[in-house]
Every structure is written in C-alpha cells, then in structure tokens.
Amino acid sequence: MARYLIFNKIKWISFLDLLDYKKYQALEILKDEFSYKPYPHKHYESVFTRFYQGYILPYKFNVDKRKPHLSSLIMGGEMTRDEALERAAGIAYLSEAEMEADRRYFIKKMGWSEEKFRDYMGRGEKPHTDYPSEVRLYQNLLFLYRKFNLGVGRLRW
Numbered sequence: 010m011a012r013y014l015i016f017n018k019i020k021w022i023s024f025l026d027l028l029d030y031k032k033y034q035a036l037e038i039l040k041d042e043f044s045y046k047p048y049p050h051k052h053y054e055s056v057f058t059r060f061y062q063g064y065i066l067p068y069k070f071n072v073d074k075r076k077p078h079l080s081s082l083i084m085g086g087e088m089t090r091d092e093a094l095e096r097a098a099g100i101a102y103l104s105e106a107e108m109e110a111d112r113r114y115f116i117k118k119m120g121w122s123e124e125k126f127r128d129y130m131g132r133g134e135k136p137h138t139d140y141p142s143e144v145r146l147y148q149n150l151l152f153l154y155r156k157f158n159l160g161v162g163r164l165r166w
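Each residue of the sequence shown is one higher than the last, beginning at 10 in my numbering.
Right under this line is the structure:
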C-alpha cells in the first residue's frame, strides 16, 4: 500500500466518511429489529478490552479512551460538548463493583497474584522504541524519497 501512496501518488479516500451515519439511529434499529443490548462505552463488549480501556489505560497511563470516542460524536453533531463531558465524568465503569469484578477476573485469567498485578500497575511506562520494529526502514525510505524527489514511479533529478 505504501508503494501506491508514495510512488503512484494515489490518495486514500475512506468511503465510510462519505456516508450519513448516525450512531444512535443505528443503535435504535439494532435494538428494535434484532433485540440488541448496547454496552455503555465503545469496545466494552469484551471483558479484557473493557478492563484495559476502563482500568489499565486510565490508572496506569492516564489515557481515557472515552474522550476521542465522544469527540467523534461531538464532531458528527450527535452529542453536545456538555453531554460528552457529563458522560466522561467519573470512572469508565458503570459501577465500582463491576470494575472490581473485572479486575479479579483479569488477574485470574492472567494467572497473576494480587501482588504481581500491583507490581505491573506500579511499573513505569516502557517506550515503544524499546521493541524491534521497521521504523528505521521507513525513515530511510522517506529520506531517499525526499532526497531524490521521487515522482510517479521514476527518479527526478
């Protein structure tokens, strides 16, 4: 894909951005026609994802995933800023009891002790650069692209 974007100058167009999609209208259709039961926040359908986004990210990394999700609803005109601030207030769980149940479930499934979990939560952040990746390759390709002003599939001097 990068080859097409860089060398062939093809632009990415997300066709979903061209649709008139309203989240709450879609949820009503799902509830009425399919007996769908919505969950309180985006990606809370899985215990692990709910615990990661609702507990680990906010408490360990000070990241609240509700903010970008609610921001997209504000930008789409489906919610006011005040409504979003109200929904983002407090913990990311419906109740402390549910959060504690998910915490115990997570510890059990990971095979951790309470002490190991506290140790994990207390550790500092580890930068992604500590892990192997292809970042250097892409940086070098970008350098060459800029140096030789690569055009449509050929070098321009």
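Think of the CB as a built atom: it goes at the ideal place given N, C-alpha and C, for glycine as much as any other residue.
Pop quiz: residue i and residue j are said to be a contact at Cβ under 8 Å. What is the actual Cβ separation, rounded to whole angstroms?
i    : j    : result
E95  : K32  : About 17 Å separates the two Cβ atoms, so there is no contact after all.
I116 : E124 : Wrong, their Cβ atoms sit about 10 Å apart, outside the cutoff.
Do you know how far the Cα of residue j is from the Cα of residue i?
i    : j    : result
D139 : K69  : 18 Å
H137 : R90  : 33 Å
P49  : S104 : 11 Å
G133 : L36  : 39 Å
Checking 8 Å against the spacing of the C-beta atoms, do residue i and residue j come in under that value?
i    : j   : result
A101 : G63 : yes
Y45  : L39 : yes
A106 : R75 : no
D111 : V56 : yes
For residue i, name the three-state secondary structure that DSSP assigns.
i    : result
A98  : coil
T89  : coil
R75  : helix
P47  : coil
S81  : helix
G131 : helix
L164 : Its pLDDT being 44, under 50, L164 is placed unreliably by the model, and the measurement read from it follows with that caveat. Three-state result, L164: coil.
G63  : helix
H137 : helix
Y30  : coil
I22  : coil
Y53  : coil
Classify residue i as buried or exposed, calling it buried when 16 or more other Cβ atoms lie within 10 Å of its own Cβ.
i    : result
F24  : exposed
R59  : buried
R113 : exposed
A93  : buried
L151 : exposed
L79  : buried
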